[in-house]
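Undergrad: Dumping the structure here so I can ask a few things about it.
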Amino acid sequence: AQSVSQHNHHVILSEAASLELGCNYSYGGTVNLFWYVQYPGQHLQLLLKYFSGDPLVKGIKGFEAEFIKSKFSFNLRKPSVQWSDTAEYFCAVNRAGGGNKLTFGTGTQLKVEL
Amino acid sequence: DSGVTQTPKHLITATGQRVTLRCSPRSGDLSVYWYQQSLDQGLQFLIHYYNGEERAKGNILERFSAQQFPDLHSELNLSSLELGDSALYFCASSVRGRGGLGETQYFGPGTRLLVL
Chain L
1 AQSVSQHNHH
11 VILSEAASLE
21 LGCNYSYGGT
31 VNLFWYVQYP
41 GQHLQLLLKY
51 FSGDPLVKGI
61 KGFEAEFIKS
71 KFSFNLRKPS
81 VQWSDTAEYF
91 CAVNRAGGGN
101 KLTFGTGTQL
111 KVEL
Chain H
1001 DSGVTQTPKH
1011 LITATGQRVT
1021 LRCSPRSGDL
1031 SVYWYQQSLD
1041 QGLQFLIHYY
1051 NGEERAKGNI
1061 LERFSAQQFP
1071 DLHSELNLSS
1081 LELGDSALYF
1091 CASSVRGRGG
1101 LGETQYFGPG
1111 TRLLVL
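As you go down the protein sequences, you meet chains L and H in turn. Counting in my numbering, the first sequence tops out at residue 114, every number present. Counting in my numbering, the second sequence tops out at residue 1116, every number present.
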């Protein structure tokens, strides 16, 4: 069965620190990859997505992610986090032939301290 | 604001009861997806409707059912509720969703269900 792994469950950073959140998936075929963010008490918002082409994708709020096919990874990065980035971050995968369902990772709770 | 609306925002009910959650997709979107977010199971896909027809089922219990109406809004019906059904239920929509890749799902604000 397809699975999505997010290795960091809780991350605490100081403002201006760099961020990298890991995401690995287990499916070997064609995939679409997404990062969603969920601010406290709010709904899931799309940060960025990868469909094809340049494996380095840029999203909103200064986030970017790199798709490394050989490593089945799609890690999320931000060079300098802000207090307002405190939220839960979800990696999600949609695979070819899997219908349109998104399979989500377990999420990473990020807390940014002032 | 994603353009996907869900009602109600909060729902408190008792075990054994039945509730209906409503979702209106973004204007022009033909597909509606339902997801359940709970502490122990995380975010799980329940069911997908495209233009009124069921397209895919995920980890949806037999006590749960859904439908999509001609105006494309969708309802998720949860019956014989149990304590473990307490969760956040999200609806998402996309333009097509006929099985191909290259689509983005946009999520609504969710309905928080508490079963007492």
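The beta-carbon is built from N, C-alpha and C at its ideal position, and this holds for glycine as well.
Taking C-beta to C-beta, are Thr30 (chain L) and Ala92 (chain L) nearer than 8 Å?
TA: No; because the gap between Cβ atoms is not below 8 Å, this pair is not in contact.
Undergrad: When you compare only the Cα positions, how much space is there between Leu47 (chain L) and Phe34 (chain L)?
TA: Computed Cα separation, rounded: 8 Å.
Undergrad: May I ask you to report which of helix, strand or coil DSSP gives Ile1060 (chain H)?
TA: Here Ile1060 (chain H) sits in coil by DSSP.
Undergrad: Determine, using beta carbons only, whether Gly1055 (chain H) comes closer than 8 Å to chain L.
TA: The question names Gly, yet the displayed sequence has Arg at residue 1055 (chain H). At least one chain L Cβ lies under 8 Å of Arg1055 (chain H).
Undergrad: Excluding the five sequence neighbours on either side, which residues of its own chain have a C-beta within less than 7 Å of the C-beta of Asp1085 (chain H), listed in chain order?
TA: For Asp1085 (chain H), where only same-chain residues beyond five positions count, the Cβ hits under 7 Å are Leu1078, Leu1113, Val1115.
Undergrad: So which residues on chain B does Gly99 (chain L) lean against when the C-beta distance must stay under 7 Å?
TA: Reference to chain B is not applicable here, since the protein chains of this structure are L and H.
Undergrad: Classify Gly1042 (chain H) as helix, strand or coil using the three-state DSSP reduction.
TA: Gly1042 (chain H): strand per DSSP, three-state reduction.
Undergrad: Kindly say whether Phe51 (chain L), judged by its beta-carbon, lies nearer than 8 Å to any beta-carbon of chain H.
TA: Interface residue, yes.
Undergrad: Can you give me the C-alpha to C-alpha distance between Glu1082 (chain H) and Pro55 (chain L), rounded to a whole angstrom?
TA: Glu1082 (chain H) and Pro55 (chain L): Cα-Cα distance of roughly 44 Å.
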